[in-house]
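For what it's worth, the working numbering labels the leading residue of the sequence shown as 9, then goes sequentially. Structure first, commentary second.
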Amino acid sequence: MARAARLILPHQPHHVLQKGNNRQPVFLDDEDHLAFLRWLREASVQYEVAIHAYLLMGSRVHLLVTPKDKTGLARMMQWVGRHYVPYFNKKYQRSGTLWEGRYRTSLVEAPYLLNCSCFVELLPVRQGLVRNPSDYRWSSYAHHAGFRQDPLIHDHKLYWDLGNTPFAREAAYNRLIASPFSSDEAGRIAKAFEQGWLIVSDEFRSELERRTARKFRMGKKGRPARDESA
């Protein structure tokens with residue numbers, strides 16, 4: 009059976025999850041992280057995909073992005089892969105695939121974007137790698153919290169709406185990230201990311217189904233998926 013086409017809406021936020029094949033690490037030192045981020049920045053400019061948040065961790069890449077058109081996101085990810093995979097294979101004297109199948113995308117309705125951004129940047133804390141998100145180098149948290157400017161990040165309008173000055177925006181974002189997610193809410197976001205499900209309101213979902221003649225329904229209710237973000 010053919011795979012369903014990804015749902016990509018221009019000018020709408022999306023979460024992207026790309027995993028290493030067989031959960032193998034895809035970043036082994038600082039040079040690897042920096043190389044990936046450099047190519048990601050180049051590709052995001054070339055294909056007009058705004059990067060709002062990111063996390064490079066273990067065997068996974070999390071991105072929150074807004075593409076300008078329907079093809080830019082796929083072209084960006086392909087371009088990064090064509091540069092990073094040969095680099096990684098040559099450096100570590102390996103061959104074959106690095107990524108596990110297709111990357112997954114989850115359409116995110118704008119009102120949920122900041123929650124998803126906080127969730128992504130808190131994953132190293134939830135995984136027990138660090139005590140505070142500021143202790144983890146390879147995420148967009150330092151940019152949002154005001155510790156450093158990250159040239160990769162294109163702040164979403166919702167982030168700008170947090171305050172009239174950089175200090176006000178950074179303080180408001182830190183208040184958001186300091187408010188803990190409930191286990192149910194965290195489980196729902198994690199499962200949506202894993203499965204490529206929409207993170208939208210019921211009204212948005214119904215309108216999308218009407219416009220596309222497709223059904224977008226999550227699977228059966230049950231125990232939230234285990235967070236396998238390492």
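Every residue, glycine too, gets a C-beta built ideally from N, C-alpha and C.
Three-state secondary structure (DSSP) of residue i
{"i": "Gly-28", "result": "strand"}
{"i": "Pro-159", "result": "coil"}
{"i": "Ala-221", "result": "coil"}
{"i": "Arg-134", "result": "helix"}
{"i": "Trp-241", "result": "What the structure shows of the chain is the stretch from 9 to 238, and residue 241 is not part of that stretch, so it cannot be assessed."}
{"i": "Val-34", "result": "coil"}
{"i": "Tyr-100", "result": "coil"}
{"i": "Tyr-62", "result": "strand"}
{"i": "Arg-234", "result": "Unreliable placement is indicated for Arg-234, whose pLDDT of 38 sits below 50; the coordinate value is still reported in the next sentence. Of the three classes helix, strand and coil, the one that applies to Arg-234 here is coil, per DSSP."}
{"i": "Gly-8", "result": "The question about residue 8 has no answer here: the residues shown for the chain are numbered 9 through 238."}
{"i": "Arg-139", "result": "coil"}
{"i": "His-152", "result": "helix"}
{"i": "Leu-322", "result": "The chain is shown only over 9 to 238; residue 322 falls outside these bounds and no answer can be derived."}
{"i": "His-91", "result": "helix"}
{"i": "Ser-190", "result": "coil"}
{"i": "His-325", "result": "Since the first residue shown for the chain is 9 and the last is 238, residue 325 is missing from the structure and cannot be characterised."}
CB of residue i within 9 Å of CB of residue j, strictly
{"i": "Lys-223", "j": "Glu-217", "result": "yes"}
{"i": "His-152", "j": "Ser-125", "result": "yes"}
{"i": "Leu-71", "j": "Phe-35", "result": "no"}
{"i": "Tyr-55", "j": "Trp-107", "result": "no"}
{"i": "Leu-137", "j": "Pro-21", "result": "no"}
{"i": "Ser-242", "j": "Gly-28", "result": "The chain is shown only over 9 to 238; residue 242 falls outside these bounds and no answer can be derived."}
{"i": "Glu-129", "j": "Tyr-149", "result": "yes"}
{"i": "Tyr-62", "j": "Ser-114", "result": "no"}
{"i": "Phe-96", "j": "Val-69", "result": "no"}
{"i": "Ala-180", "j": "Phe-127", "result": "no"}
{"i": "Glu-81", "j": "Ile-16", "result": "Rather than Glu, the amino acid found at residue 81 in this sequence is Leu. Against a cut-off of 9 Å, the Cβ pair of Ile-16 and Leu-81 comes out as a contact."}
Buried versus exposed call for residue i [16 or more other C-beta atoms within 10 Å across all chains shown]
{"i": "Lys-229", "result": "With a pLDDT of only 40 at Lys-229, under 50, the local geometry of the prediction cannot be trusted, and no value is derived from it."}
{"i": "Trp-168", "result": "exposed"}
{"i": "Ser-103", "result": "exposed"}
{"i": "His-60", "result": "buried"}
{"i": "Gln-26", "result": "buried"}
{"i": "Tyr-144", "result": "buried"}
{"i": "His-19", "result": "exposed"}
{"i": "Arg-234", "result": "With a pLDDT of 38 at Arg-234, under the threshold of 50, the modelled position of that residue is not reliable, and the figure given next carries that caveat. Looking at its Cβ environment, which holds fewer than 16 other Cβ atoms inside 10 Å, Arg-234 is exposed."}
{"i": "Asp-158", "result": "buried"}
{"i": "Arg-219", "result": "exposed"}
{"i": "Arg-156", "result": "exposed"}
{"i": "Pro-94", "result": "exposed"}
{"i": "Ile-161", "result": "buried"}
{"i": "Phe-175", "result": "exposed"}
{"i": "Ala-221", "result": "exposed"}
Paired residues, beta bridge with residue i - DSSP
{"i": "Pro-75", "result": "Val-57"}
{"i": "His-23", "result": "Leu-72, Ser-114"}
{"i": "Ser-147", "result": "Leu-63"}
{"i": "Ile-185", "result": "Ile-185 pairs with nothing; no bridge assigned."}
{"i": "Ile-207", "result": "Val-116"}
Opening and closing residue of the alpha helix (DSSP H) in which residue i lies
{"i": "Tyr-120", "result": "Counting along the chain, Tyr-120 falls outside any alpha helix (DSSP H), and DSSP gives it neither H nor E."}
{"i": "Arg-15", "result": "According to the sequence as given, residue 15 is Leu; it is not Arg. Run containing Leu-15: none; DSSP gives neither H nor E here."}
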